[in-house]
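For reference, the structure discussed in these notes is given below.
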Amino acid sequence: MNFFTTILGSGAALPTGNRRCAAQVLNINGFKLLLDCAEGTQDRIRYNHLRLQSINTVIISHLHGDHFFGLPGLLSTMHLCGRTEPMTVVAPRGAREVIETTFALTGNHIEYPIEWVEMDFAEGEQRVFENSRCIVDAFPIVHTVPTYGFRITEVPRGVNPARVYAYCCDTAYTESLLPHISGVHLLCLESTFANDLAELAETRQHLTAGQAGRLARLADAGQLLLTHISARYREPELLLQQAMEEFPNTILAADGMRIEIKR
Ligand SMILES: [Zn+2]
Ligand SMILES: [Zn+2]
């Protein structure tokens with residue numbers, strides 16, 4: 002059974018030629034789920050040869066532009082291309098108002114149905130999506146605006162135990178994440194800064210590479226995937242090295258990379 006993610010954007014807030022802002026498409030036995038939707042995501046979907054209309058669910062971690070500003074364009078293009086299938090959008094409260102206001106004020110409209118799941122919970126974990134292929138549980142994480150992490154569990158077809166993927170982007174260092182990401186097979190964490198910028202990371206509520214590695218080690222994850230790399234790093238292998246000092250089984254995301262979730 003297929004379970005892999007395709008990285009559309011591995012950069013932080015400032016897009017560069019090599020690293021666009023946050024978006025990735027999870028493929029769970031053919032079911033495609035878009036995680037975050039930065040500006041330009043619809044272009045990156047096409048560039049990576051993924052069919053636009055095959056995406057039926059979008060999950061937004063928080064409303065910062067580098068995770069969200071691509072959504073009105075994506076939804077609008079799907080309408081222009083003749084979409085009739087419903088779309089599920091899981092997002093923090095406020096996203097629906099932004100999208101509906103944008104369409105109302107700009108004279109755009111979409112005719113296919115959108116099923117909104119707006120998240121607004123102070124603590125704890127909640128199930129926000131479930132179908133025959135996967136279960137998505139969301140939990141609040143620590144950032145400058147309300148932000149959620151996600152644990153995506155495949156629905157196994159057979160005797161093998163379910164594989165689990167976790168995505169936390171963006172977040173400050175907090176061990177309150179651990180109960181939610183414990184033992185996942187692939188853990189995708191933001192790694193905006195190198196270790197020498199720990200103070201800046203704390204101020205902006207992001208992780209350093211070393212902190213990401215430490216969280217992966219404490220969570221006993223199978224593998225760590227670093228993403229949300231600041232544009233300041235021309236040689237981001239430094240971040241990979243710093244994370245690997247804490248957690249050796251780490252890979253550094255790159256735009257276009259496809260990573261399988263392995264047992
Ligand atoms: Zn971000
Ligand atoms: Zn953010």
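Going by this note's numbering, the first residue of the sequence shown is number 2, and it counts up by one from there.
Even glycine gets a Cβ: it sits at the ideal position worked out from N, Cα and C.
- Taken from the Cβ of H65, at least one heavy atom of ligand 1 lies inside 6 Å.
- Per the Cβ contact rule, the region 58-65 is in contact with the region 86-105 (3 or more Cβ pairs under 8 Å).
- R215 has its alpha-carbon roughly 12 Å from the corresponding atom of L227.
- Going by beta carbons, E191 and F5 fall outside the 7 Å limit.
- In the three-state reduction of the DSSP assignment, E116 falls in the strand class.
- Counted as a single uninterrupted DSSP element, the stretch harbouring D197 is not any alpha helix (DSSP H), since DSSP gives it neither H nor E.
- Selection I8, T251, T107 evaluated against A210 yields T251 as nearest (Cα-Cα).
- Boundaries of the beta strand (DSSP E) harbouring T6: 4-10, taken from the DSSP string.
- Counted as a single uninterrupted DSSP element, the stretch harbouring P141 is not any alpha helix (DSSP H) but the beta strand (DSSP E) occupying residues 135-142.
- Taking non-hydrogen atoms of ligand 2 into account, the C-beta of D37 is found less than 6 Å away from none of them.
- Remark: C-beta atoms of L253 and L241 approach each other more closely than 7 Å.
- T154 is positioned such that its CB atom lies closer than 7 Å to that of A163.
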